[in-house]
Amino acid sequence: MTRADGSTYRRAGAGPALVLVHGYLGGAAQWQHEFARLSDRFDVIALDLPGYGDAARAGCIDRIDGFAAHMAGLVDELGLTRFHLLGHSMGGMIVQEFAARHAARIDRLILYGTGPLGLMPDRFEPLDVSRKRLAEDGVARTIRRIGSTWFRDGSAAPGFELVASLGAQASESAAQAGLEAMSRWDGRAALAGLSMPALVLWGDGDQSYRWPQVEALWRGLPDSQLAVIPGTAHAAHLEKSALFQTIVTDFLQPA
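Spelled out as structure tokens, the structure:
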């Protein structure tokens, strides 16, 4: 669906609303397995952040709070008063920011492959290096280089070409703005106020968010669980999708 501002989202299913927020150089299309397997029990909604995916022409945002405000506009437009919320990578920063501002609207929060500090200490490369390489190489080459680190099997992984094609849709200005947004964001002070039930979900080979960042997130939240998916990296939902969905469903619909 296309909104008046040119941004887009996908929606399918029925039941409690589950909003999915992608990360840097991602898009709503990355959640294809979640739409296929979760829409029988959830109203699944995935947005394309401005500048990414099908919303590549919808301008760009260079602050995490700006992305959170954009997301607030969408859920308001859809009439969602309460919902489950899942954010991946940069999307995990965005949903932390949203949750800090709109805690009463979130039933359960899933923070997947993310952390509380946008600079991402111990990332496979510093954000400043990513900025420089992006300017030199362009978006299409950058997503293939960075995206290969998101999988245990690198560019040979079955989900890699989806990631590469999706990321290549982003404009260079949006890609640079995303790096700027992450570099300026720090959500550590807000963690103690995120009192809704939360799940921290992580692939044990993630090269973007190493264990110290994940542990800080898990221990900093008042009511949190931790799930580690072995044998995966930053794109665990594409590497072990059935296990990923089982964990998500178990958390959202506890026995």
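In the working numbering, the protein residues as written are 2 to 256. Don't be surprised by glycine CBs; every beta carbon is placed ideally from N, CA and C. All of these numbers come straight from a predicted model, not from anything done at the bench.
Review point. Nearest to A1 by alpha carbon, out of R58, K133, L120?
Key: Outside the shown range of the chain, which is 2 to 256, sits residue 1, and nothing can be said about it.
Practice item. Please determine if the region 196 to 211 and the region 224 to 239 are in contact, where contact requires at least 3 C-beta pairs separated by less than 8 Å. Key: yes
Exercise for review: Identify every residue that forms a DSSP beta bridge with I230.
Suggested key: G204
**Study point:** Limits of the alpha helix (DSSP H) - the one that D129 falls within
**Key:** D129 -> alpha helix (DSSP H) spans 128 to 138.
Practice item. Please name the residue in R106, F36, A15, Q208 whose C-alpha comes closest to that of F84. Key: R106
Review point. My guess is that G24 and M91 are in contact by the Cβ rule of under 8 Å, so how many angstroms apart are they, rounded?
Key: 4 Å
Review point. What three-state label does DSSP hand H238 in the structure shown?
Key: Three-state result, H238: helix.
**Study point:** For I111, the nearest candidate out of I95, F125, M121, G119 (CA to CA)
**Key:** If you compare the alpha carbons of I95, F125, M121, G119 with that of I111, the shortest gap goes to I95.
Review point. Which partner residues of G16 appear in the DSSP bridge assignment?
Key: None; G16 has no bridge partner.
Check your understanding: According to DSSP, what are the bridge partners of R11?
Key -> A47
Review point. Going by C-alpha distance, which of G119, R153, W219, S172 is nearest E181?
Key: G119
Practice item. Compare the C-alpha of R102 against each of G204, L87, A70 and name the closest. Key: A70
Practice item. Provide the residue span of the beta strand (DSSP E) that contains G88, from first to last. Key: 84 to 89
Review point. For R189, which residues of its own chain have a beta-carbon under 8 Å away from its beta-carbon, when the five flanking residues on both sides are left out?
Key: P117, L118, A217, G221
Review point. Three-state secondary structure (DSSP) at S258?
Key: Given a span of 2 to 256 for the chain in the structure shown, any question on residue 258 remains unanswerable.
Point to revise | Coarse secondary structure for R106, derived from DSSP in three states | key: If DSSP states are grouped into helix, strand and coil, R106 belongs with the helices.
**Study point:** Same chain, Cβ closer than 6 Å to A18, neighbours up to 5 away in sequence not counted
**Key:** Around A18: D44, L81, F84.
Check your understanding: Helix or strand or just coil, what does DSSP make of T115?
Key -> Under the three-state reduction of DSSP, T115 is assigned to coil, being neither helix nor strand.
Check your understanding: From A171 to Q254, what does the alpha carbon distance come to, in whole angstroms?
Key -> Using only the alpha carbons, I get a separation of about 35 Å.
**Study point:** Reference D187; option with closest CA among Q214, L135, V164
**Key:** Q214
Exercise for review: Have a look at A178, E137, T247, A228 and flag the residue whose alpha-carbon is nearest the alpha-carbon of G114.
Suggested key: A228
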